[in-house]
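A short write-up of the structure that comes next.
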Amino acid sequence: MTADSREEILHRIRKGLGKGEGGEGKDPYPPEPGSSSAGAEPYGDGLARVFEESLSGIDTSVYRAGRDGVLEFVTGFIKERGVKSFSIWETEYLESLGIAESLEGGGLDIAPAEDKAGIAGTGIGITEADYAIADTGSLVLLSAPGKPRGVSLIPPVHLAIVRKENILSDMWELFGVLNGIYESHDAIPACTTFITGPSRTADIELNLTLGVHGPKELHVLIVS
Amino acid sequence: MNFERDSARAVGDKKLQSALINVTDRFRAARKRASDETPGWDDLRGRAREIKKHTIAHLDEYLLELERNVRKAGGRVHWARDAEEARNIIIDIARRNGVKSVVKSKSMATEEIGLNDGLEAAGIRAVETDLGEYIIQLAGEHPSHIIAPAIHKTRHDISELFAEKLGVPYMSEPQELTKVARERLRGEFLGAGMGVSGANFGVAETGTIVIVENEGNARLTTTVPPIHVALMGIEKLLPRFGDLSLFLPLLVRSATGQKTSTYISLITGPRRDADKDGPREFHLVLLDNGRSGILADRETRESLYCIRCGACLNNCPVYRKVGGHSYGWVYSGPIGTIINPQLMGIDRAPELPFASSLCGACRDVCPVKIDFPKVLLELRSKVVTRKEKTGQAAAIMEALSFRFWRAVVTHRRIYELALRLSRHAQRPWKRGGVLRSLPYPFSRWTDERDFPAVSETPFRERWRKIDRKGGPR
Ligand code: SF4
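For the protein sequence lines, the chains are A and B, in the order given.
636 is the number of the first residue of the first sequence in my numbering; add one for each residue after it.
1149 is the number of the first residue of the second sequence in my numbering; add one for each residue after it.
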């Protein structure tokens, strides 16, 4: 690229819009995108139940556990599948539950995040969703040093742990929360990923096929 | 390009016809359901239109804001005036980094600039990773539908293709075929030096680009290789991060009728220093390629509001018959009829604004409410004005024909004489009240449809008889 291209494109745009070179300064605010049309938030367990329902409509298995039951659930889940290795996010919460040590103690190999081929060889990736959206059944994952992107993407099975208090009602609410965090540019992660169900395609005769590139199975554990 | 020839071919292709009806019916019904279930759908479309209108009216400022924020996040921004410059920018990045092979996720913009051929000519392998695009690339063809690119191929076509090109045994289950593609492409992802994607949106406020998909190949493309290059048309901007809460549901529900897609990636710069994965370099290429030229015409400027959902294609009676291959360029259906002539230059696609019945079905489903009939009429008048100016033979012929027709129908004696002549002349071709095939130049009509024959007894005569018998009046 030359600096000329940039100037030329900007010049063409301004000419097309009938503006002077300086640009006139925009109307103070563009029109608002709108806000949630959902009514008052459901009480108690309501959001988690809406979330569960949304997940069951998109080929995703959903489970419930109390904080004390998580470790038992995860070890049972892994034993059932007979996988030999796994990858896992290193978040404060997951570490406090001791999942990684317990699985390693049980003889499983852990694949380090920077080893993509290693992760590709593992049977399961375990993450903790930062947020979940009840209305759509979506998980929202923010990348960070202990939270590599490949763990929810490369292994054939993804197990996501969602803390009940992180379930939000809809997209509008989620973007409200993210907007608050991302106001400081340093806080914006390299990748914010929304995951809604397992990887899917209908490219061959409109036949639904799961697991084309991403995980074939998505499991969500809601912890209250 | 030749819309007439290519669309005729498409209409005669039985396999394509049933595939097109299948896919468009499916997406139409799904979009209808999703929009009915979304409270205030019409109001949301109205807001989206207003936001796009505002953004395009301040495009220069928002582009500069985007550039600033991508840089702040550690990314690099390139500006490309046209297709060639965009190709060269991407090839340059690859060369500088010694990249031998590139994985690509689905992107109309990369098709627009002919990136794959460009890379290949530079000795760099480019592999499409969206399953449909992968199939099409192996077959050396072009996509027939914006969202389901390989829909014109049956599972048997694909089995044979895979057997021939990948050397795998014949298998006919979509599941098995998908698995073969998954394994092949995994190798490509791990070995690629660079990933190239498009962008569904670019957010000025945060310097974020957004990619919407179902398969996960775009996530792999933008996560696994050490370099990520995103190519984005300059019109794809949104001002604020929060605008996504409106535009994401509108896009996905209009496209496939899902409440949301399986994956949405909001990418802001390359991996942060301490991150353990993600690309080390992020490049955003901003593509003009004729877009800025559309701004000057206030009547057609709204063509740039399009978010490429494909809903107008699925709901277009013309597209449903002729499919994606007939529009001569990457963009097809109603959006193709307005954007191709404006991006390519109206002289290179003068038929397209006429490839519409102006029924307005596209306008009614468009999530940003593009007023197609208005824009099409504007473009038509441009085409006609040009033709008159250049005095093209066809325009002259058309004018002469109409003058001749007027002379015939406004003079009774000439009219009757003409009828009598036609009645005799048509006899050799007449089959039960219609003419099925006529010699050239009339064959251009009868090749695709019948022409009603001139009645043996003129209406005037029948009328007189009815009258005499005292029949019904
Ligand atoms: S013109 Fe409207 S309906 Fe057609 S692809 Fe663009 S946004 Fe969708």
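Ideal Cβ positions, reconstructed from N, Cα and C, are used throughout, including at glycine.
Since we're looking at a predicted model, the values are computed, not measured.
>> Can you tell me whether Met-1319/B is helix, strand or coil according to DSSP?
In response: coil
>> Quick test of your reading: Gly-848/A and Asn-1217/B, contact by CB under 8 Å. State the CB separation rounded to the nearest angstrom.
In response: Sequence inspection shows His at residue 848/A; the Gly mentioned does not correspond to that position. Actually they do not touch by this definition, with Cβ atoms about 29 Å apart.
>> Which of the three DSSP states is assigned to Glu-1361/B in this structure?
In response: strand
> Residues of chain A with a CB under 7 Å from the CB of Leu-1622/B: which are they?
Replying inline: Residue 1622/B is absent from the structure shown; chain B starts at 1149 and stops at 1621.
> Do you know offhand how far Thr-1448/B's Cα is from Leu-1399/B's?
Replying inline: 22 Å
>> Please report whether the beta-carbon of Asp-1161/B lies at a distance below 8 Å from any beta-carbon of chain A.
In response: no
> Rounded to a whole number of angstroms, what is the C-alpha to C-alpha distance between Glu-1268/B and Thr-1258/B?
Replying inline: 13 Å
> Listed from N- to C-terminal order along the chain, which residues in the region 808-820 of chain A have their beta-carbon within a distance smaller than 8 Å of any beta-carbon of chain B?
Replying inline: Leu-809, Phe-810, Gly-811, Leu-813, Asn-814, Tyr-817, His-820
> What does Trp-1227/B touch in chain A if you count any residue whose Cβ is under 7 Å from its own?
Replying inline: Met-636, Ser-640, Arg-641, Ile-644
>> 8 Å is my cut-off, CB to CB: does Asn-801/A come that close to chain B?
In response: no
> Which first and last residues belong to the beta strand (DSSP E) in which Val-1478/B is found?
Replying inline: From DSSP, Val-1478/B is part of no beta strand (DSSP E); its letter is neither H nor E.
> Is His-1202/B near Pro-666/A, with beta carbons less than 8 Å apart?
Replying inline: yes
>> Give me the subset of the region 1389-1417 of chain B whose CB atoms are less than 9 Å from a CB atom of chain A, sorted by chain position.
In response: Phe-1389, Gly-1390, Asp-1391, Leu-1392, Ser-1393, Leu-1394, Phe-1395, Leu-1396, Pro-1397, Thr-1404, Gln-1406, Lys-1407, Thr-1408, Ser-1409, Thr-1410, Tyr-1411, Ile-1412, Ser-1413, Leu-1414, Ile-1415, Thr-1416, Gly-1417
> Heavy atom of ligand 1 less than 7 Å from the Cβ of Ile-1382/B, yes or no?
Replying inline: no
>> On the CB-based measure, 16 or more other CB atoms within 10 Å of its CB, does Leu-1325/B come out buried or exposed?
In response: buried
> Is it the case that the Cβ atoms of Ala-748/A and Pro-790/A are separated by a distance below 8 Å?
Replying inline: no
> Does the Cβ of Ser-1402/B lie closer than 7 Å to at least one heavy atom of ligand 1?
Replying inline: yes
>> If you reduce the DSSP assignment to three classes, tell me which class Ser-640/A lands in.
In response: helix
>> So Thr-827/A contacts chain B; which residues on that side make the cut at Cβ distance below 9 Å?
In response: Thr-1356, Ile-1412, Ser-1413, Leu-1414, Ile-1415, Thr-1416
> Since Gln-1490/B meets chain A, which of its residues come closer than 7 Å, beta carbon to beta carbon?
Replying inline: Within 7 Å Cβ-Cβ: nothing; Gln-1490/B doesn't reach chain A, min ~12 Å.
> Does the count of Cβ pairs from the region 763-771 of chain A and the region 682-697 of chain A closer than 8 Å reach three?
Replying inline: yes
>> Going by the DSSP bridge assignment, what does Trp-1577/B pair with across the sheet?
In response: DSSP, once it has assigned bridges, lists no residue as partnering Trp-1577/B.
> Can you find a heavy atom of ligand 2 that lies under 7 Å from the Cβ of Arg-1456/B?
Replying inline: As presented, the structure is devoid of ligand 2, carrying ligand 1 as its sole ligands.
>> Check whether chain B comes within 8 Å of Ser-834/A, counting only Cβ atoms and requiring the distance to be less than that.
In response: yes
>> From the DSSP secondary-structure annotation, give me the bridge partner or partners of Tyr-1453/B.
In response: Paired residues: none, contrary to the question.
> Does Lys-719/A come within less than 8 Å of chain B when only Cβ atoms are used?
Replying inline: no
> Under 8 Å, do Ser-1249/B and Ala-1156/B count as touching if we go by C-beta distance?
Replying inline: no
>> For Phe-1607/B and Arg-1575/B, I'd like the C-alpha separation in whole angstroms.
In response: 19 Å
>> Could you give the first and the last residue of the continuous beta strand (DSSP E) run that contains Leu-788/A?
In response: Careful: Leu-788/A lies outside any beta strand (DSSP E) and carries neither H nor E.
> Would you report the Cα separation of Leu-1527/B and Gly-1438/B, rounded to the nearest angstrom?
Replying inline: 16 Å
> From what residue to what residue does the alpha helix (DSSP H) around Phe-810/A run?
Replying inline: 806-817
>> Taking a contact to mean a Cβ-Cβ separation below 8 Å, would you say Ile-1483/B touches Leu-1435/B in this structure?
In response: no
>> Suppose contacts are defined by Cβ-Cβ distances below 8 Å. Is Asp-838/A in contact with Leu-1279/B by that definition?
In response: yes
>> Here's the rule: buried if 16 or more other CB atoms are within 10 angstroms of the residue's CB, otherwise exposed. What is Asn-1150/B?
In response: exposed
> If you draw a straight line from the alpha carbon of Leu-1506/B to that of Lys-1384/B, how long is it in whole angstroms?
Replying inline: 26 Å
> To which residues of the same chain is Val-1316/B closer than 7 Å at the C-beta, ignoring the five residues directly before and after it?
Replying inline: Phe-1310, Val-1328
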